[in-house]
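Residue numbers (this note's numbering): 1 to 290.
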Amino acid sequence: MFVEKLSSMFSKLLHAQPKYITAPVMPAAAQQLPPDRLPRHVAIIMDGNGRWAQKRGLPRSAGHAAGTEALRDIIRASDDWGIEALSLYAFSTENWARSKEEVNALMGLLLKYFASEIDELDRKNVRILILGDVDGLPGPQREAVCSAMERTKDNTGLKLNIALNYGGRAELTRAAARLAQKCASGELRPDDIDQAALENELYTAGLPDVDLLIRTSGEMRLSNFLPWQTTYAEMIFDSVLWPDYDRAEYLRNLRAYASRDRRFGGVKADSAGSEADEAGAAGQNTEEIS
Ligand code: FPP
Numbered sequence: 001m002f003v004e005k006l007s008s009m010f011s012k013l014l015h016a017q018p019k020y021i022t023a024p025v026m027p028a029a030a031q032q033l034p035p036d037r038l039p040r041h042v043a044i045i046m047d048g049n050g051r052w053a054q055k056r057g058l059p060r061s062a063g064h065a066a067g068t069e070a071l072r073d074i075i076r077a078s079d080d081w082g083i084e085a086l087s088l089y090a091f092s093t094e095n096w097a098r099s100k101e102e103v104n105a106l107m108g109l110l111l112k113y114f115a116s117e118i119d120e121l122d123r124k125n126v127r128i129l130i131l132g133d134v135d136g137l138p139g140p141q142r143e144a145v146c147s148a149m150e151r152t153k154d155n156t157g158l159k160l161n162i163a164l165n166y167g168g169r170a171e172l173t174r175a176a177a178r179l180a181q182k183c184a185s186g187e188l189r190p191d192d193i194d195q196a197a198l199e200n201e202l203y204t205a206g207l208p209d210v211d212l213l214i215r216t217s218g219e220m221r222l223s224n225f226l227p228w229q230t231t232y233a234e235m236i237f238d239s240v241l242w243p244d245y246d247r248a249e250y251l252r253n254l255r256a257y258a259s260r261d262r263r264f265g266g267v268k269a270d271s272a273g274s275e276a277d278e279a280g281a282a283g284q285n286t287e288e289i290s
């Protein structure tokens with residue numbers, strides 16, 4: 001009798017444990033993020049799918065499929081936690097150089113993703129924007145992403161930007177050409193070209209600058225991703241391979257961001273006076289590079 005009771009209690013405890021760890025803890029933890037310390041715009045380079053698959057003796061396409069699951073979760077978390085804009089690097093202009101098999105697998109996943117997620121994303125008021133040369137995508141993928149953009153264009157929730165056939169230098173070159181065309185047609189004078197005018201020709205026109213750039217898999221490069229928009233972004237290079245990246249890791253990264261001191265090339269308001277006094281006395285230049 002006693003043994004039975006003990007065994008039933010033990011079984012209940014075992015079953016209760018995952019519920020306790022996963023469900024109530026995460027939302028409470030997310031609430032601990034101070035809203036004024038939340039990045040408005042997060043950009044992620046989802047790296048490490050190939051290595052994740054290789055470690056398991058699987059084809060690279062299996063890593064991309066697992067990476068798509070991580071992507072679903074991170075999009076939901078961004079929406080749940082009130083991130084304004086999320087930009088994901090899904091396929092670069094350089095990725096065409098991969099094997100035909102891998103490119104086909106990625107293009108297939110893209111179609112599957114939009115077919116399975118579009119209803120939920122639209123219901124959640126998510127606005128989808130593709131960053132990159134959509135015209136260079138194969139027909140079915142082009143149709144799927146154009147229809148997703150059209151369907152969600154008036155949504156006012158999370159701004160979800162998916163970089164596809166995207167390259168930062170190509171984006172800047174395109175912006176320069178568009179400005180030149182406007183000058184040639186008389187719509188704009190060369191003297192009127194300022195940073196705002198150039199920004200207006202980027203795929204990200206109207207979006208805030210990237211506040212936090214995360215790259216997974218331990219690589220420490222930008223790889224031609226949003227060079228203009230990340231000029232003052234905080235960077236986090238996380239060693240986790242993308243398919244293993246989850247809400248808990250995302251939350252850790254957001255907490256690390258919240259603790260950073262962003263100065264945008266200036267000096268901290270509370271230290272400006274005293275540093276200026278000290279440097280002035282010593283005859284130094286007080287300008288600080290941040
Ligand atoms: C980089 O890892 C990842 C990519 C080039 C593709 C990212 C795509 C997804 C996460 C899923 C598909 C996207 C959508 C929108 C459905 P890698 O292959 O370079 O990894 P490695 O450096 O370990 O080889």
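Think of the CB as a built atom: it goes at the ideal place given N, C-alpha and C, for glycine as much as any other residue.
Exercise. Between Val210 and Ala180, is the Cβ-Cβ spacing less than 8 Å?
Worked result: The residue labelled residue 210 in the question sits at position 210 within the sequence shown. The residue labelled residue 180 in the question sits at position 180 within the sequence shown. Cβ distance not < 8 Å, so Val210 and Ala180 don't count as in contact.
For this session: Leaving aside the five residues before and after Gly132 along the sequence, list all residues of the same chain whose C-beta is less than 6 Å from its C-beta, in chain order.
Result: Stepping through the sequence shown from its first residue, residue 132 is reached at position 132. Excluding residues within five positions, the ones whose Cβ falls inside 6 Å are Ala163, Leu164, Asn165 and Tyr166.
Exercise. Is the CB-CB distance between Val149 and Ile130 below 8 Å?
Worked result: Residue 149 sits at position 149 when you count from the first residue of the sequence shown. Residue 130 sits at position 130 when you count from the first residue of the sequence shown. First, the amino acid is wrong: residue 149 is Met here, not Val. Closer than 8 Å, so yes.
Exercise. Taking buried to mean at least 16 other C-beta atoms within 10 Å of its own C-beta, is Pro34 buried or exposed?
Worked result: Position 34 of the sequence shown, counting from 1, holds the residue named residue 34. Per the 10 Å Cβ criterion, exposed.
Exercise. Would DSSP call Leu86 helix, strand or coil?
Worked result: The residue given as residue 86 occupies position 86 in the sequence shown. Correct three-state label for Leu86: strand.
Exercise. For Ile44, which three-state DSSP category applies?
Worked result: Sequence index remark: in the sequence shown, residue 44 carries index 44 (1-based). Three-state DSSP puts Ile44 in a strand.
For this session: Look at the Cβ atom of Ile128, then the Cβ atom of Leu121, and state whether they are nearer than 8 Å.
Result: To locate residue 128, count along the sequence shown from 1; it is residue 128. To locate residue 121, count along the sequence shown from 1; it is residue 121. Closer than 8 Å, so yes.
Exercise. What is the DSSP secondary structure of Met220, counted as helix, strand or coil?
Worked result: Walking along the sequence shown from the start, residue 220 turns up at place 220. Met220: coil per DSSP, three-state reduction.
Exercise. Buried or exposed: which applies to Pro39, given that a residue is buried once 16 or more other Cβ atoms fall within 10 Å of its Cβ?
Worked result: As a position in the sequence shown, residue 39 is number 39, starting the count at 1. Around the beta carbon of Pro39, 16 or more other beta carbons lie within 10 angstroms, which makes this residue buried.
Problem set entry | Classification of Gly67 by the beta-carbon crowding that lies within 10 angstroms, buried from 16 upward | Position 67 of the sequence shown, counted from the first residue, corresponds to residue 67. Answer is buried; the Cβ neighbour count reaches 16.
For this session: Would you list, in sequence order, the uninterrupted beta strand (DSSP E) runs of no fewer than 3 residues that lie entirely inside the region 180–231?
Result: Qualifying beta strand (DSSP E) stretches, in chain order: 212–215.
For this session: Give the straight-line distance between the Cα atoms of Arg255 and Val42, rounded to the nearest whole angstrom.
Result: For the purposes of this step, residue 255 is taken as residue 255 along the sequence shown, with counting starting at 1. For the purposes of this step, residue 42 is taken as residue 42 along the sequence shown, with counting starting at 1. Arg255 and Val42: Cα-Cα distance of roughly 13 Å.
Problem set entry | Cα-Cα separation, Gly48 to Gly186 | Here the question's residue 48 lines up with position 48 in the sequence shown. Here the question's residue 186 lines up with position 186 in the sequence shown. One C-alpha to the other measures close to 47 Å.
Exercise. Does Arg56 get closer than 8 Å to chain D when you measure Cβ to Cβ?
Worked result: In the displayed structure, chain D is absent; only one protein chain is listed.
Problem set entry | Lys159, buried or exposed, once every other Cβ within 10 Å from all chains shown has been counted against 16 | Translated into positions along the sequence shown, residue 159 becomes position 159. Buried, by the Cβ-count rule.
Exercise. Do Trp81 and ligand 1 come close, with the Cβ less than 7 Å from some heavy atom?
Worked result: Here residue 81 refers to the residue found at position 81 of the sequence shown. No.
Exercise. Is the distance from the Cβ of Ser217 to the Cβ of Arg51 below 8 Å?
Worked result: Mapped onto the sequence shown, residue 217 falls at position 217. Mapped onto the sequence shown, residue 51 falls at position 51. Closer than 8 Å, so yes.
Problem set entry | First through last residue of the beta strand (DSSP E) which encompasses Ala163 | As a working mapping, residue 163 is identified with position 163 in the sequence shown. First-last of the beta strand (DSSP E) with Ala163: Lys159 to Tyr166.
Exercise. Can you name the start and end residues of the alpha helix (DSSP H) that Phe114 belongs to?
Worked result: As a first step, residue 114 must be located in the sequence shown, where it is residue number 114. Annotation for Phe114: the continuous alpha helix (DSSP H) segment containing it runs Lys100 to Arg123.
For this session: Pick out whichever of Arg76, Ile74, Glu102 and Leu198 has its Cα sitting closest to the Cα of Ala53.
Result: Locating residue 53 in the sequence shown gives position 53, where the first residue counts as 1. The residue with the shortest Cα to Cα distance from Ala53 is Glu102.
Problem set entry | Reference Ser92, options Ser223, Ala248, Ser61 and Phe114, closest by Cα | Walking along the sequence shown from the start, residue 92 turns up at place 92. Nearest C-alpha to Ser92: Ser223.
Exercise. Cβ of Leu86 within 8 Å of Cβ of Asn161?
Worked result: By 1-based counting over the sequence shown, the position of residue 86 is 86. By 1-based counting over the sequence shown, the position of residue 161 is 161. Between Leu86 and Asn161, the C-beta gap is smaller than 8 Å, which places the two residues in contact.
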